[in-house]
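In what follows, a structure is listed as structure tokens, so that the remarks can point back to it.
In UniProt numbering, the protein residues as written are 1 to 103.
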């Protein structure tokens with residue numbers, strides 16, 4: 001009888017990052033922001049206007065996404081522009097959106 005291969009356990013840091021990533025993707029506002037940023041780089045002002053949200057709400061959500069390295073930013077004068085920083089997570093999000101739209 002063949003011996004089963006030893007299964008690798010996930011370390012605590014990996015578990016934490018994965019669970020936080022899914023937590024990020026579980027919030028409708030963050031999904032809307034990521035979906036928008038997947039299409040183009042935008043400022044907080046552009047995002048709040050496009051999604052009809054307060055700037056403080058957008059800034060709060062972007063901070064959460066930035067801490068998980070899902071978005072990045074660059075400063076241009078007094079404006080800060082945000083863009084996607086993790087194609088892997090965006091692939092998961094895009095596949096999930098496609099799944100939801102084609103069931």
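Positions of the beta carbon are idealized from the N, C-alpha and C atoms, including for glycine.
Identify, in the order they occur along the chain, each residue of the same chain with its Cβ nearer than 8 Å to the Cβ of residue 27, setting aside the five sequence neighbours on each side. Along the chain shown, one-based indexing puts residue 27 at 27. Here the set comprises 61.
Between which two residues does the alpha helix (DSSP H) carrying residue 72 extend? Counting from one through the chain shown, the residue named residue 72 turns up at place 72. Run containing residue 72: none in the alpha helix (DSSP H); it sits in the beta strand (DSSP E), 71-76.
Express the C-alpha separation of residue 89 and residue 43 in angstroms, rounding to a whole number. Numbered from 1 along the chain shown, position 43 holds the residue referred to as residue 43. Numbered from 1 along the chain shown, position 89 holds the residue referred to as residue 89. Using only the alpha carbons, I get a separation of about 21 Å.
Any chance the stretch 29-38 sits against the stretch 76-89, with 3 or more Cβ pairs inside 8 Å? yes
Sufficient close CB pairs (3 or more, under 8 Å) joining the stretch 6-23 to the stretch 41-55: no
In this structure, does DSSP put residue 62 in helix, strand or coil? Position 62 of the chain shown, counted from the start, is the residue given in the question as residue 62. Correct three-state label for residue 62: helix.
Taking DSSP as the reference, what is the three-state secondary structure of residue 93? Here residue 93 corresponds to residue number 93 of the chain shown, with the count starting at 1. Residue 93: helix per DSSP, three-state reduction.
What's the C-alpha gap between residue 58 and residue 6? Translated into the one-based positions of the chain shown, residue 58 becomes position 58. Translated into the one-based positions of the chain shown, residue 6 becomes position 6. Near 45 Å, if we compare the C-alpha coordinates of residue 6 and residue 58.
Best match in 80, 24 and 99 for proximity to residue 41 [C-alpha to C-alpha]: As a first step, residue 41 must be located in the chain shown, where it is residue number 41. Selected option, being the one with the closest Cα: 80.
Three-way DSSP call (helix, strand, coil) for residue 42 in this model: As a working note, residue 42 is residue 42 in the chain shown. Correct three-state label for residue 42: strand.
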